[in-house]
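Read through the structure below, which is laid out as structure tokens, and then see the notes.
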Amino acid sequence: MITATEISERAATRFLWLDLTRKCQLQCGHCYNSSGPEGTHGTMTRDDWISVLDQATCCGVGGVQFIGGEPTLHPHAVELVEYALSLGLRAEVFTNLVSVPGVWWELFQRDGVSLRTSYYSDQPDEHKTVTGRPSHQRTRENIIKSVKLGIPLRVGIIATRDAQRIDAARRDLEVLGVRDIRVDSTRPFGRAAADQEPDPARLCGGCGFGRAAIGPDGTVSPCVMSGWMGVGKVQEESLADILGGVTMSHAKAIIQAMTGGPDEDDECTPGFPGSGCSPRN
Numbered sequence: 002m003i004t005a006t007e008i009s010e011r012a013a014t015r016f017l018w019l020d021l022t023r024k025c026q027l028q029c030g031h032c033y034n035s036s037g038p039e040g041t042h043g044t045m046t047r048d049d050w051i052s053v054l055d056q057a058t059c060c061g062v063g064g065v066q067f068i069g070g071e072p073t074l075h076p077h078a079v080e081l082v083e084y085a086l087s088l089g090l091r092a093e094v095f096t097n098l099v100s101v102p103g104v105w106w107e108l109f110q111r112d113g114v115s116l117r118t119s120y121y122s123d124q125p126d127e128h129k130t131v132t133g134r135p136s137h138q139r140t141r142e143n144i145i146k147s148v149k150l151g152i153p154l155r156v157g158i159i160a161t162r163d164a165q166r167i168d169a170a171r172r173d174l175e176v177l178g179v180r181d182i183r184v185d186s187t188r189p190f191g192r193a194a195a196d197q198e199p200d201p202a203r204l205c206g207g208c209g210f211g212r213a214a215i216g217p218d219g220t221v222s223p224c225v226m227s228g229w230m231g232v233g234k235v236q237e238e239s240l241a242d243i244l245g246g247v248t249m250s251h252a253k254a255i256i257q258a259m260t261g262g263p264d265e266d267d268e269c270t271p272g273f274p275g276s277g278c279s280p281r282n
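Just so you know, the sequence shown maps onto residues 2 to 282 in my numbering.
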């Protein structure tokens, strides 16, 4: 177990998920926040997100991940990524790579930008079973393009059922030139919860320690998978007050009690560089 001093040092927020939207072209059965074609961009305005980025820099945050839903569908996403870069933040975009307009390819090649996506099978039909749409070919083609362009790319393979072709999917990605491949299993949040109440015991335990998430309605939570544990809204309080507030401390205490807290070698932050834990599960 890590010491109290180490926990305190790790508590300083250095990474934020900016959960821009619930709109997505796909409707994955395991989606942690039930995004899909009928989703919306929420109530956060362009200025709200700009303010979040400004405040994040002042709070010592060094990196952000733009996620959703499908973040590239958000009308201000390009501007927000560019603004994050102008502030000196590292910016990762977690996209399904189904449809990538030209402006995004230019942005993906900027210094400080990295790319994350999910892949489910080497077989189109099995991939479609997971995503609910015939998306395999387009995602695979855009993975190939990302590799050819030299864009830093991480791919998460999510195991949604026992018979899934996980090993074959990994081999397929390796042949395509992908070097950073992680495998994770479905976690019972969002659509995957099948109407069950979310259980903090199923979180990784590191939620809120060095990281936090902000949803489309401005709600801050310990991580993207604990969105139901809202600890404040950025439209109503400063980001610093929320991250350092009593409500966040209480939420982290609950998660620690239910999970045993982060392990000594824990770097489990869904979508966080170095982590094998993917939020699209």
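Here a beta-carbon is modelled for each residue, glycine too, at the ideal position from N, C-alpha and C.
Query	Result
Give me the Cβ distance between G219 and D49, rounded to the nearest whole Å; I'm assuming they're in contact under 8 Å.	6 Å
What are the partner residues of A92, as DSSP defines its beta bridges?	V65, V114
Nearest by alpha-carbon distance to Q347: which of T58, R172, S147, E93 is it?	There is no way to answer for residue 347, as the model of the chain reaches only from 2 to 282.
List the endpoints of the continuous alpha helix (DSSP H) containing A252.	247-260
Compute the beta-carbon to beta-carbon distance between G1 and D20, rounded to the nearest angstrom, for a pair I have assumed lies under 8 Å.	Residue numbering for the chain in the displayed model covers 2 to 282; residue 1 lies beyond these limits and cannot be assessed.
Hey, how far is the Cα of D242 from the Cα of A57?	12 Å
Going by C-alpha distance, which of L116, Q138, T118 is nearest D126?	Q138
Is there contact between the region 141-153 and the region 95-111, where contact requires at least three CB pairs shorter than 8 Å?	yes
Classify W105 as helix, strand or coil using the three-state DSSP reduction.	helix
How would you label R155, buried or exposed, when you count the other beta carbons within 10 angstroms and need 16 or more for buried?	buried
Between which two residues does the alpha helix (DSSP H) harbouring S87 extend?	78-87
Name the two residues that bound the continuous alpha helix (DSSP H) containing D48.	47-59
Are the beta-carbon atoms of S115 and G70 separated by less than 8 Å?	no
V232 and S222: beta carbons closer than 8 Å?	yes
In chain order, what residues of the same chain lie with their CB nearer than 7 Å to the CB of A78, ignoring the 5 residues before and after it?	L21, F67, P72
Tell me which residue opens and which closes the beta strand (DSSP E) that I158 is part of.	154-160
Consult DSSP for V131 and reduce its assignment to one of helix, strand or coil.	helix
Given R111, which residues of its chain have a CB within under 7 Å of its CB, disregarding the five upstream and five downstream residues?	L86
Helix or strand or just coil, what does DSSP make of S227?	helix
Going by C-alpha distance, which of A213, E93, G261, P135 is nearest T248?	A213
In angstroms with no decimal places, state the Cα-to-Cα distance between L74 and G30.	20 Å
Compute the Euclidean distance between the alpha carbons of G89 and V53, then round it to the nearest angstrom.	14 Å
How far does the beta strand (DSSP E) with A213 in it extend, from its first residue to its last?	212-215
Between the alpha carbons of E107 and A92, how many angstroms are there, rounded?	14 Å
Let me check one thing: in DSSP terms, what residues is E233 bridge-paired to?	The sequence given here has Gly at residue 233, not Glu. Beta-bridge pairing links G233 to V221.
Can you tell me the Cα-Cα spacing of L174 and G113, whole angstroms?	24 Å
According to the neighbour-count rule (16 or more other Cβ atoms, all chains shown, within 10 Å of its Cβ), is D185 buried or exposed?	buried
Compute the distance between the beta-carbons of S122 and R166, then report whether it is under 8 Å.	yes
Compute the Euclidean distance between the alpha carbons of I158 and T118, then round it to the nearest angstrom.	9 Å
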